[in-house]
Amino acid sequence: QKEVEQNSGPLSVPEGAIASLNCTYSDRGSQSFFWYRQYSGKSPELIMSIYSNGDKEDGRFTAQLNKASQYVSLLIRDSQPSDSATYLCAPCNQGGKLIFGQGTELSVKP
Amino acid sequence: DGGITQSPKYLFRKEGQNVTLSCEQNLNHDAMYWYRQDPGQGLRLIYYSQIVNDFQKGDIAEGYSVSREKKESFPLTVTSAQKNPTAFYLCASSMTGASGGQYFGPGTRLLVL
Chain A
26 QKEVEQNSGP LSVPEGAIAS LNCTYSDRGS QSFFWYRQYS GKSPELIMSI
76 YSNGDKEDGR FTAQLNKASQ YVSLLIRDSQ PSDSATYLCA PCNQGGKLIF
126 GQGTELSVKP
Chain B
10 DGGITQSPKY LFRKEGQNVT LSCEQNLNHD AMYWYRQDPG QGLRLIYYSQ
60 IVNDFQKGDI AEGYSVSREK KESFPLTVTS AQKNPTAFYL CASSMTGASG
110 GQYFGPGTRL LVL
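Chains as they are written, first to last, in my numbering: chain A, 26 to 135; chain B, 10 to 122.
Structural data, given as structure tokens:
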């Protein structure tokens with residue numbers, strides 16, 4: 026079992042729709058969770074962090090965490106073509122290291 | 010204007026050559042990291058440092074070396090022992106323990122001639 030699993034995609038959604046990106050992780054001791062956005066050819070950019078079970082909203086982005094199910098997700102409302110990128114899920118494990126998933130490629134079609 | 014800088018943006022290596030990638034940060038972060046990203050793959054940790062004059066191997070340290078003589082700087086040397094060095098190299102920094110997330114530099118793309 027991989028430490029962090031994400032669907033590689035591509036996930037294609039029409040402009041204005043909600044994009045839902047999912048991630049599962051294996052280390053039950055993980056306490057901090059991060060979402061990064063990576064445009065093609067660029068470095069990852071931290072866009073969301075979540076530490077407690079439930080939802081955390083920041084503009085069009087909502088992160089959801091369920092530690093019992095070892096599941097974290099990112100919702101993007103009113104998706105725009107500029108949201109087209111690869112999204113990386115990264116739990117922080119008990120050793121204090123971020124473990125990155127392989128990422129989900131999102132394509133938002135005008 | 011705080012941030013992380015990496016240089017050069019592109020680097021070409023000849024067979025048998027050692028090359029050094031630069032990483033500097035002015036975020037006053039204690040911890041710094043080096044990752045390698047291959048096309049279509051996730052980030053793999055090469056080395057990390059939580060404090061000056063100390064560093065630890067990551068998952069793929071063979072063929073690489075680092076130093077941490079200053080808090081702001083964490084250069085990575087790709088040695089001739091690294092047989093497949095072509096990749097996108099990313100430097101990151103964080104407060105100690107990474108519980109607040111890591112912040113990345115723009116990256117260096119290394120190509121073999």
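We treat Cβ as the ideally placed atom computed from N, Cα and C, and that holds for glycine.
Note that the structure is a prediction, hence the values are computed from the model and not measured.
Please return the same chain residues whose Cβ sits closer than 6 Å to the Cβ of residue i, not counting the five positions on each side in sequence.
{"i": "B:Leu30", "result": "Leu85, Tyr98 and Thr117"}
{"i": "A:Tyr96", "result": "Thr49"}
{"i": "B:Tyr19", "result": "Arg118"}
{"i": "B:Val61", "result": "Arg77 and Lys80"}
{"i": "B:Asp72", "result": "Reading off the sequence, residue 72 of chain B comes out as Gly, not Asp. Here the set comprises Thr88, Ala90 and Gln91."}
Go through its chain and collect everything with a Cβ distance to residue i's Cβ below 7 Å, but skip five positions before and after it.
{"i": "A:Arg85", "result": "Ile101, Arg102 and Asp103"}
{"i": "B:Pro94", "result": "Arg22, Val87, Leu119 and Val121"}
{"i": "B:Thr14", "result": "Glu33 and Gly114"}
{"i": "A:Gln127", "result": "Gln31 and Ser33"}
{"i": "B:Gln46", "result": "Leu52, Ala96, Phe97 and Leu99"}
{"i": "A:Asn91", "result": "Asn78"}
By a C-beta neighbour count over all protein chains shown, 10 Å radius and 16 as the cutoff for buried, is residue i buried or exposed?
{"i": "A:Arg53", "result": "exposed"}
{"i": "A:Gly79", "result": "exposed"}
{"i": "B:Thr105", "result": "exposed"}
{"i": "B:Gly110", "result": "buried"}
{"i": "A:Glu40", "result": "exposed"}
{"i": "A:Gly66", "result": "exposed"}
Identify which residue in the options has its Cα closest to the Cα of residue i.
{"i": "A:Leu113", "options": "A:Tyr64, A:Ser51, A:Thr87 and A:Phe125", "result": "A:Phe125"}
{"i": "A:Ser57", "options": "A:Ser77, A:Glu40, A:Gly66 and A:Leu71", "result": "A:Ser77"}
{"i": "B:Ile55", "options": "A:Cys117, A:Lys134 and A:Lys122", "result": "A:Lys122"}
{"i": "A:Ala88", "options": "A:Lys27, A:Ser37, A:Ile43 and A:Pro135", "result": "A:Ile43"}
{"i": "A:Leu99", "options": "A:Ser51, A:Asn47 and A:Val29", "result": "A:Asn47"}
{"i": "A:Ser107", "options": "A:Gly66, A:Ser68, A:Pro39 and A:Val133", "result": "A:Val133"}
{"i": "A:Pro135", "options": "A:Asn118, A:Cys117 and A:Ser109", "result": "A:Ser109"}
{"i": "A:Ser37", "options": "A:Trp60, A:Pro116 and A:Gln105", "result": "A:Gln105"}
{"i": "B:Gly25", "options": "B:Gly49, B:Pro17, B:Ser89 and B:Glu81", "result": "B:Ser89"}
{"i": "B:Lys79", "options": "B:Tyr73, B:Gly72 and B:Gln59", "result": "B:Gln59"}
{"i": "A:Gly120", "options": "B:His38, B:Tyr57 and B:Leu36", "result": "B:Tyr57"}
{"i": "A:Thr129", "options": "A:Pro35, A:Ala93 and A:Lys27", "result": "A:Pro35"}
{"i": "B:Ser16", "options": "B:Arg53, B:Phe83 and B:Asp47", "result": "B:Phe83"}
{"i": "A:Asn118", "options": "A:Lys27, A:Leu71 and A:Ser55", "result": "A:Ser55"}
From the beta carbon of residue i, is the nearest beta carbon of chain B less than 8 Å away?
{"i": "A:Gly128", "result": "yes"}
{"i": "A:Leu131", "result": "no"}
{"i": "A:Pro35", "result": "no"}
{"i": "A:Cys48", "result": "no"}
{"i": "A:Leu123", "result": "yes"}
{"i": "A:Ser104", "result": "no"}
Between residue i and the rest of its own chain, which residues show a CB-CB distance below 8 Å, the 5 nearest in sequence each way excluded?
{"i": "B:Asp63", "result": "Arg77"}
{"i": "A:Ala115", "result": "Val29, Phe58, Phe59, Trp60, Tyr61, Leu123, Ile124, Phe125 and Gly126"}
{"i": "B:Leu36", "result": "Gly11, Gly12, Ile13, Ser102 and Tyr112"}
{"i": "B:Glu81", "result": "Glu33, Gln34 and Asn35"}
Is the shortest distance between the beta-carbon of residue i and the beta-carbons of chain A less than 8 Å?
{"i": "B:Phe83", "result": "no"}
{"i": "B:Leu99", "result": "yes"}
{"i": "B:Tyr21", "result": "A small fix is needed here, since residue 21 of chain B is Phe in this sequence, not Tyr. No - not a single Cβ of chain A is within 8 Å of the one on B:Phe21."}
{"i": "B:Phe64", "result": "no"}
Given 8 Å as the limit, is there contact between the region 65-80 of chain B and the region 37-49 of chain B, that is, 3 or more CB pairs closer than that?
By the Cβ rule, the region 65-80 of chain B counts as touching the region 37-49 of chain B, because three or more pairs are nearer than 8 Å.
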